[in-house]
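Which chain is which? The protein sequence lines are A and B, in order. All residue numbers for the first sequence refer to this note's numbering, where the first residue is 615 and numbers rise by one. All residue numbers for the second sequence refer to this note's numbering, where the first residue is 45 and numbers rise by one. Ideal Cβ placement from N, Cα and C applies to all residues, glycine included.
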Amino acid sequence: MNGNRGVRTLDFGAAHSVDGVAANADTVWIASGSDDRVLRVDMLTARVVASIPIAAVAQASVASPYTIAIGDGAVWVTDALSDSVSRIDPTLDAVTATIKVGRRPTRLAIGERGVWVLNAGDGTVMRIDPRRNAVVATIPVGADATGIAAGLGGVWVSVGGGPPHATFPSVHGPLSALSSPSCSPVVGGGRGAELLIASDLPRRLADPAPSH
Amino acid sequence: MLAQHGFRAGRYRVAYQACDDSRPNEGADPALCAANARAYALDASLIGVIGAFDSGCTGVELPTLNAAPSGPVPIISPSNTYVGLTHAGPATAADEPDRYYPTGARNYVRLVAADDYQSAGIDLFLKQQGRKRLYLLDDGEGTGYAGAVYGQQAARKVGIGIAGSATWDPTARSYHRLAQGIARSRADAVLLSGCVCSNGLTLITGLRAVLHDTATLIGTDNFSTSDGFTHAHGRFDGVYISSAGLPALALPPPGRRFLATLLPGRRMDDIDQSASYAAQATELLLDAISRSNGTRASVTRELIATNTNHGITGPISFDTGGDPAPAPIAIYRIDSNAPRNPHHSVQGEVFDRVIKVPRALIH
């Protein structure tokens, strides 16, 4: 540990990575994706006092804990590569529930009567009922969502890459829309649009198919 | 990218449609590719296509778009690597690339290097590593065989000897005899040209059991895998994999700034390469439209005449066939302790270096 002008640095060694962090009272919780663990750090002693294994769900080989949050009497962590959320009981330092969610869960928020999970891989937000440890709602938010927060009476999702397509003005000009059923509605350009551009690309994060 | 430009390209107002040529978890569907191509060809207001992602899909679409009634449709692909789309080579069909351009006019450019450049990049990397004798392995599939042929072709030019070549049997339970043969050849490098899905992990395990660290193992881009390297307790660590184009980590400042704005807070190594290359393709098409007189022929001319030093993915121009220059190849090293990248389609690899492949090595 190094100290400098109020900044404390903890080195967890090469065996761990620091992918997510959350704190309460005198405890800091670290999501370590590289070795599928959540570390509990006692900040009074600056020592790791528990190293909690995060197991992948049956169909996945690694869990990769990524984002971590505290609420409803538990520590919650998204398992980004096994498409699940793990619930840790801080009195036991153990996982007490693993909840299957959407594809590539990368962000987490707690509040407004739920644990809210942003699934970056399929562009959805899921609400977990912490009393039942179950997903009770799924809300499509689009593929470009980047962050989530809960509070002020709602759940808020940030979207990267500009406004979603639906907010662009539709086209009523001389353009004709492409007739293929795989194409989205025409967006942008306004009434005076003269030219049309099409992209012909997969619109979802795919498993690797690197031979292009 | 289009929104950033206010849906304008110079004096032209442009509109946009996003079409998908793939099925979930199955990749490109040739039937969808063909349906899309017919729709594109019949729309006279279409000024350009960004895509396709998959070379096979581009191969289906190109002849239709080249022969479109209102003139060849300009196409810019951010990701295609199949050689025959732009030029002939020792592993292309006799009528390639002409079969894709029935009018005789070219209307296609790509942003990343073709597979022959990738194999040459591998050879240059091995030369940098001081390797002298290369053994070529392929999985017997078209892409794998072609990669080995291109690797052999470029090896001679960079001064690496060929220790031998073979096709591995994807159904084999053991590669012990194959590995022993490679050891006897005194190869100090092995090119794995093919798909990791062709029993590639068993192949690497078998080779390492015999060769240990005496030979550098390097796979072509099809050896990447979503998680096969991350739970192997380091068994594959130190194997290299190549890929055409630059990862986000290696982009010049304009590219890194663009990605930081697009995906705030995201680590660069957790951003898939396809984001920056799709944006670059869009930018170049808009630039070409802005310099054109609004016709497809003019946009195609301007697209092929692209010459910029400040692109998202770095400097770029195209030769008359539509191949990019420069044509960087990225080399990755398998590392089971690599940071997990949940937004990335590939896990367990760390970026090692960029290889710049001179055109003289290919033609």
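Comparing C-alpha positions only, which one of the options sits nearest to residue i?
{"i": "Val663 (chain A)", "options": "A:Gly767, A:Ser772, A:Ala708 and A:Leu732", "result": "A:Ala708"}
{"i": "Pro308 (chain B)", "options": "A:Ser772, A:Ser790 and A:Val621", "result": "A:Ser772"}
{"i": "Gln48 (chain B)", "options": "B:Ala96, B:Ala216, B:Thr305 and B:Ala81", "result": "B:Thr305"}
{"i": "Ala759 (chain A)", "options": "A:Val749, A:Trp770, A:Val750 and A:Tyr680", "result": "A:Trp770"}
{"i": "Ala192 (chain B)", "options": "B:Ser237, B:Ser334, B:Ala231 and B:Tyr152", "result": "B:Ser237"}
{"i": "Thr215 (chain B)", "options": "B:Ala231, B:Gly244 and B:Tyr189", "result": "B:Gly244"}
{"i": "His388 (chain B)", "options": "A:Ala694, A:Val755, A:Thr641 and A:Pro744", "result": "A:Ala694"}
{"i": "Ser286 (chain B)", "options": "B:Pro141, B:Ser380 and B:Asp167", "result": "B:Asp167"}
{"i": "Gly184 (chain B)", "options": "B:Ala207, B:Asp213, B:Gln172 and B:Gly205", "result": "B:Asp213"}
{"i": "Arg310 (chain B)", "options": "B:Ala207, B:Arg384 and B:Asp232", "result": "B:Arg384"}
{"i": "Asp314 (chain B)", "options": "B:Asn124, B:Ile373 and B:Ala382", "result": "B:Ala382"}
{"i": "Arg154 (chain B)", "options": "B:Gly205, B:Ala199, B:Ile94 and B:Gly225", "result": "B:Ile94"}
{"i": "Asn638 (chain A)", "options": "A:Gly802, A:Asp686 and A:Leu732", "result": "A:Asp686"}
{"i": "Val652 (chain A)", "options": "A:Pro704, A:Pro744, A:Arg718 and A:Gly803", "result": "A:Pro704"}
Give the interface partners of residue i over in chain B, defined as CB-CB distance under 8 Å, in chain order.
{"i": "Asp633 (chain A)", "result": "Pro383 and Arg384"}
{"i": "Glu726 (chain A)", "result": "Result: empty, since nearest Cβ-Cβ is about 22 Å, beyond 8 Å."}
{"i": "Ala628 (chain A)", "result": "Asn381"}
{"i": "Ala807 (chain A)", "result": "Phe51, Arg57, Val58 and Ala59"}
Just mark residue i as buried or exposed, buried being the case when its beta carbon has 16 or more other beta carbons within 10 Å.
{"i": "Val800 (chain A)", "result": "buried"}
{"i": "Gln391 (chain B)", "result": "buried"}
{"i": "Pro667 (chain A)", "result": "exposed"}
{"i": "Gly203 (chain B)", "result": "exposed"}
{"i": "Val621 (chain A)", "result": "exposed"}
{"i": "Val750 (chain A)", "result": "exposed"}
{"i": "Val785 (chain A)", "result": "Because the pLDDT at Val785 (chain A) is just 41, under 50, the model does not fix this residue reliably, and the value given afterwards should be weighed accordingly. Looking at its Cβ environment, which holds 16 or more other Cβ atoms inside 10 Å, Val785 (chain A) is buried."}
{"i": "Asn266 (chain B)", "result": "buried"}
{"i": "Asp625 (chain A)", "result": "exposed"}
{"i": "Thr326 (chain B)", "result": "buried"}
{"i": "Thr130 (chain B)", "result": "buried"}
{"i": "Ala780 (chain A)", "result": "Residue confidence for Ala780 (chain A) is low, a pLDDT of 39 falling below 50, so the modelled location carries little weight; the figure read from the coordinates is stated next. Ala780 (chain A) comes out exposed."}
{"i": "Ser114 (chain B)", "result": "exposed"}
{"i": "Ala138 (chain B)", "result": "exposed"}
{"i": "Ala59 (chain B)", "result": "buried"}
{"i": "His407 (chain B)", "result": "exposed"}
{"i": "Leu706 (chain A)", "result": "exposed"}
{"i": "Leu46 (chain B)", "result": "buried"}
{"i": "Thr147 (chain B)", "result": "exposed"}
{"i": "Ala688 (chain A)", "result": "buried"}
Kindly list, in the order they appear in chain B, the residues whose Cβ is closer than 7 Å to that of residue i.
{"i": "Val801 (chain A)", "result": "Ala59 and Tyr60"}
{"i": "Gly789 (chain A)", "result": "This sequence places Leu at residue 789 (chain A); Gly is not what is there. Residues of chain B passing the Cβ test: Ala59 and Ser89."}
{"i": "Val715 (chain A)", "result": "Near Val715 (chain A) there are no residues of chain B at all, since even the closest Cβ is about 12 Å away, more than 7 Å."}
Under DSSP, the alpha helix (DSSP H) around residue i begins and ends at which residues?
{"i": "Asp139 (chain B)", "result": "Here Asp139 (chain B) belongs to no alpha helix (DSSP H), and DSSP marks it neither H nor E."}
{"i": "Gln61 (chain B)", "result": "Here Gln61 (chain B) belongs to no alpha helix (DSSP H); instead the beta strand (DSSP E) covers Tyr56 to Cys63."}
{"i": "Tyr219 (chain B)", "result": "First-last for Tyr219 (chain B): undefined, no H or E at that position."}
{"i": "Ile348 (chain B)", "result": "Arg340 to Ile348"}
{"i": "Leu587 (chain A)", "result": "In the structure displayed, chain A extends from 615 to 826; residue 587 (chain A) sits before or after that span and is not available."}
{"i": "Asp331 (chain B)", "result": "Gln317 to Arg335"}
{"i": "Arg252 (chain B)", "result": "Gly244 to Leu255"}
{"i": "Gly100 (chain B)", "result": "Ser99 to Asn110"}
{"i": "Asp159 (chain B)", "result": "Asp159 to Gln172"}
{"i": "Thr258 (chain B)", "result": "Looking at the DSSP string, Thr258 (chain B) is not in any alpha helix (DSSP H), and its letter there is neither H nor E."}
Taking Cβ-Cβ distances shorter than 9 Å, what residues in chain B pair up with residue i?
{"i": "Val662 (chain A)", "result": "Simply none; closest approach about 18 Å."}
{"i": "Leu810 (chain A)", "result": "Val58, Ala59, Tyr60, Gln61, Asp87, Ser89, Leu90, Ile91 and Gly92"}
{"i": "Ala669 (chain A)", "result": "By Cβ distance, chain B contributes nothing, its closest Cβ being about 12 Å from Ala669 (chain A), past 9 Å."}
Going by DSSP, what residue range makes up the beta strand (DSSP E) through residue i?
{"i": "Pro667 (chain A)", "result": "Arg661 to Pro667"}
{"i": "Phe362 (chain B)", "result": "Ile360 to Phe362"}
{"i": "Pro581 (chain A)", "result": "With chain A covering only 615 through 826, there is no way to say anything about residue 581 (chain A)."}
{"i": "Tyr680 (chain A)", "result": "Pro679 to Gly685"}
{"i": "Val635 (chain A)", "result": "Gly634 to Asn638"}
{"i": "Val394 (chain B)", "result": "Glu393 to Lys400"}
{"i": "Gln306 (chain B)", "result": "Note on identity: in this sequence residue 306 (chain B) is Leu, with Gln being the wrong assignment. It is not in any beta strand (DSSP E) - Leu306 (chain B) instead sits in the alpha helix (DSSP H) that spans Pro297 to Leu306."}
Which chain A residues sit within Cβ distance under 9 Å of residue i?
{"i": "His387 (chain B)", "result": "Ala694, Arg718, Thr720, Ala734, Gly735 and Leu819"}
{"i": "Ala227 (chain B)", "result": "By Cβ distance, chain A contributes nothing, its closest Cβ being about 29 Å from Ala227 (chain B), past 9 Å."}
Starting from the C-beta of residue i, find all residues in its chain whose C-beta is less than 7 Å away, skip the five residues before and the five after it, and write them out in chain order.
{"i": "Thr136 (chain B)", "result": "Val127 and Gly128"}
{"i": "Glu140 (chain B)", "result": "Gly128 and Ala132"}
{"i": "Glu346 (chain B)", "result": "Ala332, Arg335 and Ser336"}
Anything in chain A within Cβ reach of residue i, meaning under 7 Å, just list it in chain order.
{"i": "Asn80 (chain B)", "result": "Ser794, Ser796 and Asp814"}
{"i": "Tyr84 (chain B)", "result": "Leu792 and Ala812"}
Run down chain A in chain order and give the residues with a C-beta less than 8 Å from the C-beta of residue i.
{"i": "Asp65 (chain B)", "result": "Ser796, Asp814, Leu815 and Pro816"}
{"i": "Ala207 (chain B)", "result": "Correct list: empty, because the minimum Cβ distance to chain A is about 26 Å."}
{"i": "Thr215 (chain B)", "result": "The premise fails here: Thr215 (chain B) is roughly 20 Å from chain A at the closest Cβ pair, so nothing lies under 8 Å."}
Leaving out five residues on either side along the sequence, give the residues of the same chain with a beta carbon under 8 Å from the beta carbon of residue i.
{"i": "Ala812 (chain A)", "result": "Leu792 and Cys797"}
{"i": "Glu726 (chain A)", "result": "Ala764, Gly765, Gly767, Gly768 and Val769"}
CB-CB under 6 Å to residue i, same chain, minus the five flanking residues each way: which ones, in chain order?
{"i": "Arg55 (chain B)", "result": "none"}
{"i": "Pro778 (chain A)", "result": "In this prediction, Pro778 (chain A) scores a pLDDT of 44, lower than 50, which makes its location untrustworthy; the coordinate-derived value is nonetheless stated afterwards. Excluding sequence neighbours, Pro778 (chain A) sits near Gly756."}
{"i": "Ala233 (chain B)", "result": "Leu170, Arg175, Leu178, Ala259 and Thr260"}
Taking a Cβ distance cut-off of 9 Å, strictly less, list which residues of the region 125-151 of chain B are near chain C, in chain order. Judged by its chain identifiers, the structure shown contains no chain C, and its protein chains are A and B.
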